[in-house]
Every structure is written in C-alpha cells, then in structure tokens.
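So the sequence shown is numbered by our numbering: it starts at 769 and just counts up by one.
Yeah, the Cβ is synthetic: ideal placement off N, Cα and C, and Gly gets one too.
Keep in mind the model is a prediction, meaning the values are calculated, not measured.
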Amino acid sequence: MTMSVTSIIRFASAQPPVESYQVAPEKRIAGNPTQQLQNHYSSPCNQFHSGIWQSESGAWKINYTEYEYCEILEGTSVITDLEGQSQTFSVGDRFIIPAGFQGVWQVVTPCRKVYVIFEQNSRL
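In structure tokens form, the structure reads like this:
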C-alpha cells in the first residue's frame with residue numbers, strides 16, 4: 769500500500785479532542801493532579817500511539833507495560849524506580865521508558881510532553 773503526503777500527521781495543525789482525567793486514587797501518592805491527553809495518532813492495530821500529555825503537580829505509581837518515548841516541552845518531572853533511584857527531566861529532555869519499568873512519576877512543576885508509545889502484542 770502506498771501512502772500520500774496527505775497521510776502525514778502534523779501535530780501543529782491536527783487538533784484531536786483533549787481528554788481530561790484524574791490519576792486513579794489507588795495510584796495517587798501526592799496531590800490530585802488533573803491530566804490531559806491529546807492523542808494525535810493510533811495505529812490500526814492499536815499498538816502504536818503518539819500525542820501530547822500534560823499534568824498538574826503531583827505524584828503517582830507507574831507500571832509500564834508499553835515502551836514510551838518522551839520529550840519534555842514544559843515543566844519538570846522526577847521518575848523514581850522501586851529501589852529509590854531517580855532521574856529528573858525538564859524542558860528539552862528526551863528519554864525512553866522501557867516496558868516493565870515500575871516506580872513513581874512526580875510532576876514537580878506542571879509538565880507537558882510529547883509521547884510515542886509502542887505496546888507490544890502479547891502474542892509475540
């Protein structure tokens with residue numbers, strides 16, 4: 769199948785709906801941050817997604833079943849693993865969180881990021 773240039777998704781001109789939600793109470797550690805998700809693309813097989821995510825300050829437990837590439841556009845976040853080791857990410861930082869990672873995501877100052885997610889098919 770050949771795709772034309774019109775199939776390219778430019779984030780600046782695409783305006784998908786914004787979904788607002790709260791962190792689930794069982795995951796919440798600090799605060800009650802409102803988060804917003806603007807998914808610009810999901811593949812037909814529903815394993816690949818990309819868009820913009822943002823969150824108010826707070827902290828919550830994370831348990832990644834997917835691989836996620838992140839690029840921080842605004843704010844500062846600290847990600848801590850189960851052993852207590854942490855890394856701080858701020859504007860311009862690009863990183864990948866591997867499937868299987870567990871820990872805590874803390875938004876120190878309101879954060880906005882580009883995300884690219886790949887959820888491996890369980891049959892592989």
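For my contact list, residue i and residue j are in at a C-beta cut-off of 8 Å; report their separation, rounded to the angstrom.
i	j	result
G843	P801	The pair is not a contact, with the Cβ atoms about 11 Å apart (cut-off 8 Å).
I899	G860	This structure cannot speak to residue 899, because the chain is shown only from 769 to 892.
Q804	E787	7 Å
M883	C838	The sequence shown places Tyr at residue 883, not Met. Contact holds; Cβ gap of about 6 Å.
Does residue i come out as helix, strand or coil in the three-state DSSP assignment?
i	result
T848	strand
T856	strand
S781	coil
T774	helix
A827	strand
Q870	strand
Take the Cβ of residue i as the centre, count every other Cβ of all protein chains shown within 10 Å, and call the residue buried at 16 or more, exposed below.
i	result
V773	exposed
V791	buried
S775	exposed
F857	buried
K881	buried
G852	exposed
Q822	buried
S811	exposed
Which partner residues does residue i have in the DSSP bridge list?
i	result
R880	Q822, E842
I865	E836
H808	Its beta-bridge partners do not exist; DSSP assigns none.
E787	L805
I797	Beta-bridge pairing links I797 to no other residue.
Please tell me whether, using a cut-off of 7 Å, the distance from the CB of residue i to the nearest non-hydrogen atom of the ligand PLP is below it.
i	result
A792	Looking at this structure, you won't find the ligand PLP or any other ligand, since it has none at all.
Cβ pair count under 8 Å reaching 3, the region 826-836 against the region 862-879: Touching, yes.
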